[in-house]
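Worksheet: the structure to be examined is printed underneath.
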Amino acid sequence: MPAHWHILGTGAMGCLFASYLARQRIPLTLLPRQPAEPGDITLVVDGLGGGHRYQLPWETAGSDGPISHLLVTTKAYDVAPAVASVAHRLRPDTVVLLMANGIGFEREVRARVPGLAPTLGTTTEGAYREARWRVRHAGRGATRIGLPGGAGAPAWFANWRAAVPDCHWDMAIEQALWRKLAINCAINPLTALHGCANGQLGADPGLAAQVRALCAEIERIGIAAGQASAVTDLEAAVFAVIAGTADNQSSMLQDVRAGRRTEIDYITGHLLATATAHGLDAPRNRELMDKITAQEPSADA
Ligand SMILES: NC(=O)C1=CN([C@@H]2O[C@H](COP(=O)(O)OP(=O)(O)OC[C@H]3O[C@@H](n4cnc5c(N)ncnc54)[C@H](OP(=O)(O)O)[C@@H]3O)[C@@H](O)[C@H]2O)C=CC1
Ligand SMILES: CC(C)(CO)C(=O)C(=O)O
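First residue of the sequence shown? That's 63 in the numbering used here, and the numbers climb one at a time after it.
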């Protein structure tokens, strides 16, 4: 019998992964932030692979039943409060898989819910919400999952490998997360400030020069932080992502345009905290952090 997954953070990513698991008949329950209508939720996932409709059970986070396997797909700043909202349902052996952009929320989770040892994931899948329970799968990508410190794949992962396309167990997940962080630091804030698609960072010589300067700063910080492998050939990797996602609006630009809080604290913010911890200056990343932060909606807005 496959493990039963609860999904916390039922936005674009949570619904996409719910659809993957449901297609493989892996039992799951959605945990929407706001209660849904009575009865199962009808989830529609359109786009790549055609349209699919799923009838999925849901519960409130505050229900009582124990949770054995929890996938968390909120924005980075919501991960810790979301996990705390189901803390009473977690057991010492509950698998908690955190899949958000950036770094830093895992430490927040461990501080709020002592005893948890979260599994971490990162994905290059692309999806967005068209309506509350309607999601468009906009780009295929790869998903990497692993345990900090490195450990072999647990038994449950066999179901994920079967259900989620291009899904890999990563013995060096922290390195994968750091590389994604480095790429996001070089692309996201610049696109958000200039209101441009990713491809413009390669096409505009002035912006391309800024990307190269950011990469040089990020590389120095990565090496000081013991993440030399994660920042190897960073500039080439960043320009490859820029070319491969030329027509995309970065997630940070989408957040800024929608007037939402961005994930900058967990992207550039984490990079700057790492630089400070190693006595390094990072003026170019600092400038981007300050400018994006100045645009953020205030917490009580
Ligand atoms: N979308 C994409 O293509 C990609 C996204 N990512 C990353 O994945 C993460 C999720 O992104 P995405 O799915 O796009 O974000 P969404 O905003 O679409 O979804 C986030 C969900 O989390 C829910 N949520 C927030 N706080 C809580 C809480 N306390 N309890 C329960 N649920 C909560 C929100 O609820 P509500 O519905 O009420 O707002 C929302 O449904 C981000 O870190 C993002 O950067 C990574 C790769 C690609
Ligand atoms: C890779 C990239 C930059 C694609 O847009 C991304 O991860 C994001 O927008 O957050």
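All C-beta atoms, glycine included, are put in the ideal place defined by N, C-alpha and C.
For the alpha helix (DSSP H) that residue i lies in, which residues bound it at each end?
i: CYS277; result: 267 to 286
i: PRO119; result: Per DSSP, PRO119 belongs to no alpha helix (DSSP H) and is neither H nor E.
i: TRP240; result: 235 to 256
i: THR324; result: Run containing THR324: none; DSSP gives neither H nor E here.
i: ASP352; result: 345 to 357
State the DSSP-derived secondary structure class of residue i, mapped to helix, strand or coil.
i: GLU297; result: helix
i: TRP195; result: coil
i: SER125; result: coil
i: ILE329; result: coil
i: LEU263; result: helix
i: LEU78; result: helix
i: PRO89; result: coil
i: VAL226; result: coil
i: GLU132; result: A quick correction: the sequence has Leu, not Glu, at residue 132. Residue state, collapsed to three classes: strand.
i: PRO143; result: helix
i: ARG151; result: helix
i: ALA342; result: Inspection of the sequence shows that residue 342 is occupied by Leu rather than by Ala. Correct three-state label for LEU342: coil.
i: THR336; result: helix
i: ALA302; result: helix
i: ALA189; result: strand
i: ALA308; result: coil
i: ALA220; result: helix
i: ALA200; result: strand
i: ALA363; result: Note that ALA363 has pLDDT 48, beneath the 50 cutoff, so the model's placement of it is unreliable and no number is given.
Assuming residue i and residue j form a contact by the criterion Cβ under 8 Å, report the distance between their Cβ atoms to the nearest whole angstrom.
i: MET314; j: GLU297; result: The Cβ separation is near 20 Å, so there is no contact.
i: LEU132; j: LEU118; result: The Cβ separation is near 16 Å, so there is no contact.
i: THR91; j: HIS68; result: 5 Å
i: THR136; j: ALA144; result: 5 Å
i: PHE301; j: GLY264; result: 6 Å
i: PRO180; j: GLU170; result: Not confirmed; about 11 Å, so no contact.
i: ILE280; j: LEU342; result: The Cβ separation is near 11 Å, so there is no contact.
i: ARG323; j: GLU349; result: 20 Å between Cβ atoms; not a contact.
i: VAL197; j: LEU78; result: 6 Å
i: ARG206; j: ILE235; result: 6 Å
i: ALA299; j: ILE245; result: 6 Å
i: ALA189; j: TYR82; result: Not confirmed; about 11 Å, so no contact.
i: LEU160; j: VAL141; result: 6 Å
i: ALA292; j: TRP240; result: 4 Å
What span of residues does the beta strand (DSSP E) with residue i cover, start to end?
i: GLY177; result: Segment: none, GLY177 is in no beta strand (DSSP E) and carries neither H nor E.
i: LEU105; result: 103 to 109
i: ILE207; result: 205 to 208
i: ILE69; result: 67 to 70
i: ASP317; result: Unbroken run through ASP317 is the alpha helix (DSSP H), 313 to 319; no beta strand (DSSP E).
Using 6 Å as the cut-off, classify the Cβ of residue i as near or not near the heavy atoms of ligand 4, replying yes or no.
i: SER312; result: What this structure holds is ligand 1 and ligand 2, not ligand 4.
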